[in-house]
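A.B. asks:
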Amino acid sequence: MSSSCPSRLPSLLLFASLLACLVGASMGSDFLQDFDITWGDQRAKILNGGQLLTLSLDKDSGSGFRSKNEYLFGRIDMQIKLVSGNSAGTVTTFYLSSQGSTHDEIDFEFLGNVTGEPYIMHTNVFSQGKGNKEQQFHLWFDPTKAFHTYSIVWNQQRIIFLVDNIPIRVFHNSESIGVPFPTKQPMRIYSSLWNADDWATRGGLVKTDWTQAPFTASYRNFNANACVWSPGSSCTSASPNSVQDSTWQAQALDASGRNRLRWVQQKYMIYNYCTDLKRFPQGIPAECKRSRFL
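All letters in the sequence shown, in the order written, are residues -28 to -1, 1 to 266 by mature numbering (1 follows the signal peptide of the UniProt record, and there is no 0).
1. Three-state secondary structure (DSSP) at A210?
2. Locate the beta strand (DSSP E) running through S39, then write down its first and last residues.
3. In chain order, what residues of the same chain lie with their CB nearer than 6 Å to the CB of E259, ignoring the 5 residues before and after it?
4. Buried or exposed for Y43, going by 16 or more other Cβ atoms inside 10 Å?
5. Return yes when the Cβ of H144 is within less than 8 Å of the Cβ of R130, no when it is not.
6. Decide yes or no for the touch test of the segment 75 to 93 against the segment 23 to 39: beta carbon pairs closer than 8 Å, at least 3 of them.
7. Tell me, please, whether the segment 189 to 201 touches the segment 96 to 114 by the rule of three or more beta-carbon pairs shorter than 8 Å.
8. In this structure, what does DSSP give as the bridge partners for S70?
9. Within this structure, are the beta carbons of N127 and Q221 separated by less than 8 Å?
10. Helix, strand or coil, according to DSSP, for G21 in the structure here?
11. If we call anything under 8 Å between Cβ atoms a contact, is A189 one with I52?
12. What does a CB cutoff of less than 7 Å around S59 pick up in its chain, not counting 5 residues either side in sequence?
13. Taking the alpha carbon of Q157 as the point to measure from, which residue in F119, S70, K31 and T87 has its own alpha carbon closest?
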């Protein structure tokens, strides 16, 4: 999206508009109210009066949904239970994205695997259409047995990825050294379940076993404590009468958070673009030169 509310505002007004979001948005978990099914026909279902959403994939099609609202900074939480059993070839996504060739995006992608092998959790950040900032992890639990909470904290200083409130990745705003950071484009929340067996599992060596279809992922307890954007106006709260936690606006990691981040990255990280010297023979990207544990 080429224009957004902050692009029309001087910095002081932008700051004021963010302060206006001290009360949050989209409390509760009503998928009927907060999301639209965007593709997949009847493969995507909203159940239990809006409290549960499921996506399914079969040989003909996957499915997906997106938020009705666009957000400009905030904390987004979603509980997800991933495809169980032999999920090889499937990809379940949960991400924020704007539109257009210079879009911004903040990604969780879950790459399926054969029964008994761990999922790969893939993360990435795009700004002004440029990504290539991948980090991948195994999880310290089976994400198919129960719901777990996947969260994105996005403020002007940093992006924090969390799993069950444990930080797994921090991407800092390094615009001061020329690294683009998503600050101007409002983003919707998206999720999809689709077939990617040309690359998702062992680089495409393991194909989707369609005898296991339909594959299903489940969602519940969505919450967006965030700044809701609307065209032609500054960001506002969707729930002006509901007081919410605004710590996301300056959220960073304290000593405990840094210790937990270090634990995850040392024990469960399986790929970090910042250490891929073959990929960047001219030198690692500028943002990688600061400590990943800050």
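For every residue, glycine included, the Cβ atom is placed at its ideal position computed from N, Cα and C.
C.D. replies: According to the structure data:
1. Confidence at A210 is low in this model, with a pLDDT of 46, below 50, so its placement is unreliable and the value that follows should be read with caution. The answer is coil: DSSP assigns A210 none of H, G, I, E or B.
2. S35 to S39
3. Annotation for E259: S146 and V151 place their beta carbon closer than 6 Å to its own, counting only its chain and skipping 5 residues before and after.
4. buried
5. yes
6. No, because fewer than three Cβ pairs between the segment 75 to 93 and the segment 23 to 39 fall closer than 8 Å, the two stretches do not touch.
7. no
8. Paired residues: none, contrary to the question.
9. Using a Cβ distance threshold of 8 Å, N127 and Q221 count as a contacting pair.
10. helix
11. With contacts defined by Cβ atoms closer than 8 Å, A189 and I52 form a contacting pair.
12. G84, N85 and F187
13. Of F119, S70, K31 and T87, the residue nearest in Cα terms is S70.
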